[in-house]
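Engineer: Mind having a look at this structure? Questions to follow.
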Amino acid sequence: MPSFDFDLFVIGGGSGGVRSARVAASLGKKVGIAEEYRYGGTCVIRGCVPKKLFVYASQYSEHFEDAAGYGWTVGESTFDWKKLIAAKDKEIARLEGLYRKGLDNAKAEIFDTRAELVDAHTIKLLKTGQTVTAETIVIATGGRPNLHTALPGYELCISSNEAFHLEELPKSILIAGGGYIAVEFANIFHGLGVETTLIYRGAEILSRFDQDLRKGLHEAMEEKGIRILCQDIISSVEKVDGGLTVRTKNDKVLHVDTVMLALGRTPNTESLGLDAAGVAMNEHGAVIVDAYSRTSVPNIYALGDVTDRVQLTPVAIHEAMCFIETVYKNNPTRPDHDLIPTAVFSQPEIGTVGLTEEDAAKRYPEIEVYRAQFRPMKATLSGRSEKMIMKLIVNAADRKVIGAHILGHDAGEMAQLLGITLKAGCTKDDFDRTMAVHPTAAEELVTMYSPSYRIRNGERV
Ligand code: NDP
Numbered sequence: 400m401p402s403f404d405f406d407l408f409v410i411g412g413g414s415g416g417v418r419s420a421r422v423a424a425s426l427g428k429k430v431g432i433a434e435e436y437r438y439g440g441t442c443v444i445r446g447c448v449p450k451k452l453f454v455y456a457s458q459y460s461e462h463f464e465d466a467a468g469y470g471w472t473v474g475e476s477t478f479d480w481k482k483l484i485a486a487k488d489k490e491i492a493r494l495e496g497l498y499r500k501g502l503d504n505a506k507a508e509i510f511d512t513r514a515e516l517v518d519a520h521t522i523k524l525l526k527t528g529q530t531v532t533a534e535t536i537v538i539a540t541g542g543r544p545n546l547h548t549a550l551p552g553y554e555l556c557i558s559s560n561e562a563f564h565l566e567e568l569p570k571s572i573l574i575a576g577g578g579y580i581a582v583e584f585a586n587i588f589h590g591l592g593v594e595t596t597l598i599y600r601g602a603e604i605l606s607r608f609d610q611d612l613r614k615g616l617h618e619a620m621e622e623k624g625i626r627i628l629c630q631d632i633i634s635s636v637e638k639v640d641g642g643l644t645v646r647t648k649n650d651k652v653l654h655v656d657t658v659m660l661a662l663g664r665t666p667n668t669e670s671l672g673l674d675a676a677g678v679a680m681n682e683h684g685a686v687i688v689d690a691y692s693r694t695s696v697p698n699i700y701a702l703g704d705v706t707d708r709v710q711l712t713p714v715a716i717h718e719a720m721c722f723i724e725t726v727y728k729n730n731p732t733r734p735d736h737d738l739i740p741t742a743v744f745s746q747p748e749i750g751t752v753g754l755t756e757e758d759a760a761k762r763y764p765e766i767e768v769y770r771a772q773f774r775p776m777k778a779t780l781s782g783r784s785e786k787m788i789m790k791l792i793v794n795a796a797d798r799k800v801i802g803a804h805i806l807g808h809d810a811g812e813m814a815q816l817l818g819i820t821l822k823a824g825c826t827k828d829d830f831d832r833t834m835a836v837h838p839t840a841a842e843e844l845v846t847m848y849s850p851s852y853r854i855r856n857g858e859r860v
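Residue numbers (our numbering): 400 to 860.
Right under this line is the structure:
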C-alpha cells in the first residue's frame, strides 16, 4: 500500500467541502482542506446568508408602513447602507470563524491557499508551492456568477458578488435574469428604496416554478413598484455622465446607476489540474460524477455546485454526508435528489416542493389541483393588498400529494415541513385528517377539501 500525507484532501471550503472534511476528520481520518478565499463558501460569504440578512433589512420599509394600520405612529425613518454592510460583514466573519473552528476542533489541517491537482493523488498548494498527497480527494470548489463576456459593456456590470459590498446604494438598478438571484435582489433593492427594473428573456419570471406562483409574484412585484420587462434582453451597456445607458433587444433605452447580471452560475473548474488528474468534465465545465459523487478517477469525488447537479447548499451538504457514508462507513449511499423543497426569498416569498401543476399534468393521467388564494390576516388592518396562494397537486390514482406550492409570508418555512410530508408519501387524506392550527395561513393547507379543478389527460375538467 502506498502511503499518503492525508487520508482525505478537500479542495474548497464551502458547504460541501467543509462538511466532508470536518466529518471525515472527526472519524479519525487525517484530513487537509484548502480554500483560496474565505471558509464558508458562497452560501455563507456571498450567497444565502448575507442575502437573507439583506432581505430582512429590505422588509422594514413595508413594516413601517403597515404599522399605521395597527395604531402605531412611526417617526421619519432613514436607512444607512454602510451600517447594514458593516453589521452583515461582522456576522459573516463570525460564521466564517465557526466554520474554521469546526474544522480545527475535528483536527482537520486548514490551508489558506488555492490548491490544484497535479495528478490523481497529488495536490499543489499554490501559496507555498508545497505538494501533498492524499488517498482520496474531494473537489468542492463551487461556482461563480456567469460574467457574460459577450455582452458589450459587461465589465461595467456587477454580479451578486459585488452587490454584497457596494460602496453606495444606487438610486436605480437594472437586474438581468429571471431566476432566484435576480428576483430576490430585485425585491431587496426595491425594499431599500432603489428604483428597480428587472429584465428577463422569457415570458414569465422563475421558469422552473409553478405557473400560478410565477404570475402571482410578478403581479405582486409590479404592484410594489418594481418594473418587469419580459421577453427582452440587454444588448449593450455604456458608461455615460451620471450612470449607465442600457440598450435592449426590443430597442428600449434605460438610464440607471447600476446593472446587475444574474444569469446563472459557472462551475469553478478552470486551472484546477483536472485534466492532469484525468477528471472528466461536461461541456459546461462541470465535473462529471456518478450516482455516488465519484468522478472518472476512482479516488476523486466531487460535491456541490462544481458538479452542477442541483445548486443548493443543503444539497451539497447532503452529498457530503453520502460521500462519508460511502467512503468511510462502508455504506454506499447515493445522494437523493428527489423532492427537494426550496424557497425563493422574494417578497412575497415562494416555498415549493414536488411537481408543478404543468409537470404533474404531463406525468400523470389525472391530477387534482387544490388551490386557495386569499388575503392574509395581517394584511387586513395594514391595508396591504397582498394575496397568498396555496396549491396542492394530487395524483388522482393513489391520492398522493405530489406537489405543494405557496406564495406568501413564511412560504419557505412551510415548504420545509411540506417537504417531510411529500417525502413520507402522504396522501391528500392524510392532509384532510390533520387538525388545523388556527388562526394561521398554513391551516389552508389542511382545509382545502374539494379540488378546485382536475386535469385529465392534459385537459382541465
Ligand atoms: P437561475 O438558474 O435560477 O437563473 C438564471 C436566469 O438567467 C434564468 O432566468 C435564465 O433564463 C437566465 N439566463 C441564463 N442565461 C441567459 C442568457 N444568456 N441571456 C439571458 N438570460 C439568461 O440562476 P441564478 O443565477 O439566479 O442562481 C444560481 C443558482 O443559485 C440557482 O439555480 C439556485 O439553485 C441557487 N440559488 C438559490 C437560492 C435559494 O435557494 N433561495 C437563492 C439564490 C441562488 P431561463 O429561465 O429562461 O433559462
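Beta carbons: idealized from backbone N, C-alpha and C, even for Gly.
Tell me whether Gly545 counts as near ligand 1, meaning its Cβ is closer than 8 Å to at least one heavy atom of that ligand.
Structural biologist: Looking at the sequence shown, residue 545 is not Gly but Asn. Relative to ligand 1, the nearest heavy atom lies less than 8 Å away from the CB of Asn545.
Engineer: Would you tell me roughly how many angstroms separate the C-alpha atoms of Glu767 and Thr540, rounded to the nearest one?
Structural biologist: Distance between Glu767 and Thr540, taken at the CA atoms: about 42 Å.
Engineer: Does the distance from the C-beta atom of Gly468 to that of Ser781 stay below 9 Å?
Structural biologist: yes
Engineer: Would you kindly report the start and end of the unbroken alpha helix (DSSP H) that includes Lys500?
Structural biologist: 480-504
Engineer: Whether or not the region 563-583 and the region 642-660 are in contact is what I'm after, with contact meaning three or more pairs of Cβ atoms, one per stretch, closer than 8 Å; do they touch?
Structural biologist: yes
Engineer: Please determine whether the Cβ atom of Glu579 lies at a distance below 8 Å from any heavy atom of ligand 1.
Structural biologist: Sequence check: residue 579 is Tyr here, not Glu. Correct: Tyr579 has its Cβ closer than 8 Å to ligand 1.
Engineer: Is the distance from the Cβ of Phe744 to the Cβ of Lys451 below 9 Å?
Structural biologist: yes
Engineer: How many angstroms separate the CA atom of Val645 from the CA atom of Asn586?
Structural biologist: 21 Å
Engineer: Looking only at C-alpha atoms, which of Val845, Gln710, Phe722 sits nearest to Val409?
Structural biologist: With distances taken between Cα atoms, Val409 lies closest to Phe722.
Engineer: So Leu702 is in the alpha helix (DSSP H); what residue range does that whole segment cover?
Structural biologist: First-last for Leu702: undefined, no H or E at that position.
Engineer: Whose CA, out of Asn649, Asn545, Leu555, Val454, lies closest to the CA of Gly642?
Structural biologist: Distances from the CA of Gly642 to each of Asn649, Asn545, Leu555, Val454 were compared; the closest alpha carbon is that of Leu555.
Engineer: Quick one: is Met620 buried, meaning 16 or more other Cβ sit within 10 Å of its Cβ, or exposed?
Structural biologist: buried
Engineer: Is the beta carbon of Tyr436 closer than 9 Å to that of Ile444?
Structural biologist: In this structure, Tyr436 lies closer than 9 Å to Ile444 by Cβ.
Engineer: Check for me: the beta strand (DSSP E) holding Arg646 runs from which residue to which?
Structural biologist: 642-647
Engineer: Find the nearest neighbour of Tyr691 within the set Val726, His520, Leu502, Glu508, judged by alpha-carbon distance.
Structural biologist: Val726
Engineer: DSSP state of Tyr763, grouped into three classes?
Structural biologist: coil
Engineer: Quick one: what's Glu637 bridged to in DSSP?
Structural biologist: Thr644
Engineer: Between Thr741 and ligand 1, is the CB less than 8 Å from at least one heavy atom?
Structural biologist: yes
Engineer: Taking Cβ positions, are Gly415 and Glu434 nearer each other than 9 Å?
Structural biologist: no
Engineer: At what residue ranges does the region 408-476 contain a whole run of the beta strand (DSSP E), taking only runs of 3 or more?
Structural biologist: 430-433
Engineer: Out of Ile854, Leu483, Ser784, which one is the CA nearest neighbour of Glu757?
Structural biologist: Closest by alpha carbon: Ile854.
Engineer: Buried or exposed: where does His736 fall if 16 or more other Cβ atoms within 10 Å of its Cβ makes it buried?
Structural biologist: exposed
Engineer: Based on DSSP bridge pairs, tell me the residues matched to Phe405.
Structural biologist: Ala533
Engineer: List the endpoints of the continuous beta strand (DSSP E) containing Thr595.
Structural biologist: Looking at the DSSP string, the run of the beta strand (DSSP E) that includes Thr595 is 594-599.
Engineer: Quick check: the Cα distance between Ser402 and Thr694, rounded to an integer number of angstroms?
Structural biologist: Rounded to the nearest whole angstrom, the CA to CA distance from Ser402 to Thr694 is 22 Å.
Engineer: I'd like to confirm the pairing. Which residues does DSSP put opposite Gln772 in its beta bridges?
Structural biologist: Ile788
Engineer: Whose CA, out of Leu494, Ile432, His589, Asn504, lies closest to the CA of Ala514?
Structural biologist: Ile432
Engineer: Should Ser606 be listed as close to ligand 3, given that the test is whether its C-beta is under 8 Å from any heavy atom?
Structural biologist: Within the structure as shown, ligand 3 is missing, the only ligands being ligand 1.
Engineer: Hey, quick one: how far does the alpha helix (DSSP H) through Pro713 stretch, first residue to last?
Structural biologist: 712-727
Engineer: Would you check whether ligand 1 has a heavy atom nearer than 8 Å to the C-beta of Tyr599?
Structural biologist: yes
Engineer: Between which residues of its own chain and Pro731 is the CB-CB distance below 7 Å, once the five residues before and five after are set aside?
Structural biologist: Leaving aside the five residues that flank Pro731 on each side, the residues in its chain whose CB is nearer than 7 Å to its CB run, in chain order, Tyr691, Thr725.
Engineer: Can you give the beta carbon distance from Thr665 to Val686, rounded, assuming they're within the 8 Å contact cut?
Structural biologist: With 8 Å as the limit, Thr665 and Val686 do not qualify as a contact, their Cβ atoms being about 12 Å apart.
Engineer: According to DSSP, is Thr657 part of a helix, a strand, or is it coil?
Structural biologist: Three-state result, Thr657: strand.
Engineer: Under 6 Å Cβ to Cβ from Glu637, same chain only, skipping five residues before and after it: list those, please.
Structural biologist: Gly552, Thr644
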